[in-house]
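A quick write-up on the structure given underneath.
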Amino acid sequence: MAANFTELKKHLYRRLKYRLLRPKPPALSEPFSGPVVVVGSAPVSHKPADFDETFRVITINGSQVVTKAWGVETPDVALVQFNQIEGTNTNAVEVRRVLNGERAKMLYILLWRDGRKRLEDGLKAFNYRYDNLEIVDRYRRMALLDRVGGMQCSELGADDKCSNGINAVLFALHNGASAVIITGINPDSGGHIYNQENLARLHIRKDREILLRLIERGYPVFTADPAVAQSLGLPLWEGKARARQISEAHARAARSVSKPAGVLNPSLG
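All residue numbers for the sequence shown refer to our numbering, where the first residue is 1 and numbers rise by one.
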């Protein structure tokens, strides 16, 4: 009972603070203008069909090891959880190992609370460089799900919030991606590409719920991973031409049932 009351107080506090702050989701100075690949750290991932210099790339924590193998030395955006900077658990240590000496154009650190100087020193400790650095707090992250997915979440625990991979999908959509292709993001898998520890994956239920919600709302979200397409029902990315056909079909269906304004009908270029 006491635990439930504590959670209720935390929920009410965060909802009130969210309403008072009216936070804005993180936004790029120059929005995306084409397809965006969001690369997670699940053990299995695939380079999307037709992948070329017109795609922008978002990496999550240590998934930069995947895109480097594709020939992408510097992701356009990297999202890194605060604990990866100084944490001592296996995952944090492994993330710093694979990111040592790497760089991102735009680096977002999520939920960091210990001041920018300490953050900059922490990044220097494993020689991680960036063109731009920004801290994203809980309430700006909550705003992403609210604005894009139309869902409110107080982030009370792992089962009540989505993974950073899904936050990256929301970020890409909010910042103008004409299509979002996910790879290495599989709510049904465990483990990470950059170690052999087979660590459990959190946020499974919420990730699945949000991905399906985005599809229902007509957003152009695809997966490059056949197993994820089969298990979740996400459309499999088969190249720009096929994606354009799917997008046009969704637009026609949306018009026929009078979907609310704001559902995207992007041009894939």
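Built from N, CA and C at the ideal position, the CB exists for glycine as well.
The C-beta distance from L110 to N175 rounds to 16 Å, too long to meet the 8 Å contact threshold. Shown here, K17 sits in a helix according to DSSP, grouped into three states. Check the Cα spacing between I210 and each of Q230, L234, A224, P226: the tightest is with L234. One thing to note: V80 has its Cβ no nearer than 9 Å to the Cβ of F55.
The Cβ atoms of R103 and D131 lie closer than 9 Å to each other. By the Cβ criterion, the segment 33 to 47 is in contact with the segment 56 to 72, since at least three pairs of Cβ atoms, one from each stretch, lie closer than 8 Å. Residue burial is scored here from C-beta neighbours: A249 has fewer than 16 other C-beta atoms within 10 angstroms and is therefore classed as exposed. A143 is positioned such that its CB atom lies closer than 9 Å to that of P25.
In chain order, L79, R141, L144 place their CB closer than 7 Å to the CB of N167, counting only its own chain and leaving out the 5 sequence neighbours on each side. Cβ neighbours of V77 within its own chain (closer than 6 Å, five residues either side excluded): I58, M106. With a 10 Å radius around the Cβ and a threshold of 16 neighbouring Cβ atoms, L99 comes out buried. Looking at P48, Y13, R14, the one whose alpha-carbon comes closest to that of A241 is P48.
In the three-state DSSP reduction, I109 falls in the strand class (E or B). Its chain contains Y18, L21, P23 as the residues whose beta carbon lies nearer than 6 Å to that of Y139, once the 5 sequence neighbours on both sides are disregarded; these appear in chain order.
Annotated three-state conformation of P75 is coil, per DSSP.
Distances from the alpha-carbon of F82 to those of S29, D137, A179, R213 put D137 closest. For P220, the closest alpha carbon among the candidates K10, D121, N4, I182 is that of I182. DSSP places P226 inside the alpha helix (DSSP H), whose first and last residues are 226 to 232.
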